[in-house]
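Residue numbers (the numbering used here): 4 to 248.
Even for Gly, the Cβ is constructed at its ideal location relative to N, Cα and C.
Read through the structure below, which is laid out as structure tokens, and then see the notes.
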Amino acid sequence: MGMNLVGVVDAATFDASQPCGRRAAERLQDCDTIVLLGAGGRAAWEAVKAREGGRVGDARHDYHPIDAWSLALAEQAAARLRALGCEVVVVLPDEQRPMNFRQLAEQVGFGTISPVIGHLLHPVFGPWLSLRTALLVRGRPFGSRPPAPLLDFEPCGGCPQPCRAACPSETYRQPGTPDLLACARHRLGGGCVTGCDTLRACPLGAQHRYAPDEEAFRHAYSLFRTRRWLGDGMWRFVPKRFRQG
Ligand code: B12
Numbered sequence: 004m005g006m007n008l009v010g011v012v013d014a015a016t017f018d019a020s021q022p023c024g025r026r027a028a029e030r031l032q033d034c035d036t037i038v039l040l041g042a043g044g045r046a047a048w049e050a051v052k053a054r055e056g057g058r059v060g061d062a063r064h065d066y067h068p069i070d071a072w073s074l075a076l077a078e079q080a081a082a083r084l085r086a087l088g089c090e091v092v093v094v095l096p097d098e099q100r101p102m103n104f105r106q107l108a109e110q111v112g113f114g115t116i117s118p119v120i121g122h123l124l125h126p127v128f129g130p131w132l133s134l135r136t137a138l139l140v141r142g143r144p145f146g147s148r149p150p151a152p153l154l155d156f157e158p159c160g161g162c163p164q165p166c167r168a169a170c171p172s173e174t175y176r177q178p179g180t181p182d183l184l185a186c187a188r189h190r191l192g193g194g195c196v197t198g199c200d201t202l203r204a205c206p207l208g209a210q211h212r213y214a215p216d217e218e219a220f221r222h223a224y225s226l227f228r229t230r231r232w233l234g235d236g237m238w239r240f241v242p243k244r245f246r247q248g
């Protein structure tokens, strides 16, 4: 069904690594288990396309069929866990004050956060994966699951890092601290319309790169979010009494 990555970790251990406001127990009291669902490579897009009758429409700020599909599958999984007597809360990655999905993905063993570009890299899919939903579960239907980071998977160490040079906005000049604002400004100025050259340059998982229509859709959608981010960011510096609407 496209959700081809499933990972589980004990909630208390994950929470111990997170600051206030980002913890599972703040969303579900006495949460025991976190299940993370992810989509690697093209499978989710293919599943969604089949569902949409063979073609996904153009990106709009309120139209993201992969998000809708991910939520539907998460709700199905939640229903099955509830049938086992567990209380379950479904968490999306883009909540107001979100849980840190990249760190969660590392703890469940999906891959390693690149010390160069900050993206989570998977041993098979490389950078071509997205983290779709998390299920917070009261109960331990899968037993106890300590964190299982892939400690021996360090793909950027011996790599000539073509990803850094590939970025036209020099977002990754400083390894490990991407300049998101440089990326956002470049994109709002009309750059990188069809996808991200940095991800394309990563030698890992190249055969799992999203198909051009998927890449373009995801990138167009993330531009809406980037706009909103910059818009919201600017509002923060304007005293409330001067804001309109
Ligand atoms: C908000 C957000 C954004 C905002 C960030 C601006 C802001 N300040 O709000 C914007 C819209 C700019 C954005 C852009 C992108 N994002 Co984003 N983003 C998120 C989201 C929903 C929340 C991040 C957050 O607040 N975390 C909580 C705080 C405590 O942790 P933090 O590490 O300090 O958060 C910062 C970083 O996460 C950073 N950030 C956000 N996205 C990305 C992506 C990368 C690769 C890096 C290095 C950093 C980064 O911005 C956060 C706030 O400053 C996460 C999902 C999640 N819940 O984790 C996805 C997420 C991190 N983003 C993701 C992706 C793919 C992207 C883009 C590549 C999308 C695209 N095609 O353009 C770009 C990357 C830009 C770049 N040049 O590196 C993926 C990463 C997947 C992976 N394999 O690692 C995630 C996990 C979403 C997902 N569902 O898979 N993103």
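- By the 16-neighbour rule on beta-carbons within 10 angstroms, Ala27 is buried.
- Ranking Cys199, Gly114, Ser73, Glu78 by CA distance to the CA of Val91 puts Glu78 first.
- Cys23 has its Cβ no nearer than 8 Å to any heavy atom of ligand 1.
- Restricting attention to alpha helix (DSSP H) runs no shorter than 4 residues, the stretch 135 to 215 encloses them at 165 to 169, 183 to 191, 200 to 204, ordered along the chain.
- Here Glu218 carries a helix assignment [DSSP, helix/strand/coil].
- Contact between Ile69 and Val51 holds, since their C-beta atoms are separated by about 5 Å, short of 8 Å.
- Straight through space, the alpha carbons of Arg100 and Cys23 are spaced by roughly 10 Å.
- Take Glu218, set aside five residues on each side of it, and the residues of its chain with a beta-carbon closer than 7 Å to its own are Thr197, Gly198, in chain order.
- Per DSSP, Ile69 is one residue of the alpha helix (DSSP H) stretching across 68 to 86.
- Each residue's CA atom was taken as its position, placing Arg63 and Gly194 some 19 Å apart.
- With a cutoff of 8 Å, Asn103 counts as near ligand 1, since its C-beta is closer than that to a heavy atom of the ligand.
- Pairing Arg30 with Ser73 gives a Cβ-Cβ distance that is not under 9 Å.
- Excluding the 5 residues flanking it on each side, Gly129 has same chain C-beta neighbours closer than 6 Å at Cys205, Leu207, Gly208, in chain order.
- DSSP places Ser133 within a strand segment (E or B) once states are collapsed to three.
- Secondary-structure assignment with DSSP links His125 through a beta bridge to Gly129.
- In the displayed model, Leu226 falls within a helix according to three-state DSSP.
- C-alpha of Pro149 to C-alpha of Asp13: approximately 6 Å in a straight line.
- When secondary structure is reduced to three states using DSSP, Leu8 falls in the strand class.
- For Val111, no beta strand (DSSP E) segment is defined; the enclosing uninterrupted segment is the alpha helix (DSSP H) at 104 to 111.
- By the neighbour-count criterion, in which 16 or more other beta carbons inside 10 Å mark a residue as buried, Gly56 falls on the exposed side.
- The stretch 30 to 49 and the stretch 139 to 156 touch, with no fewer than 3 CB-CB distances between them shorter than 8 Å.
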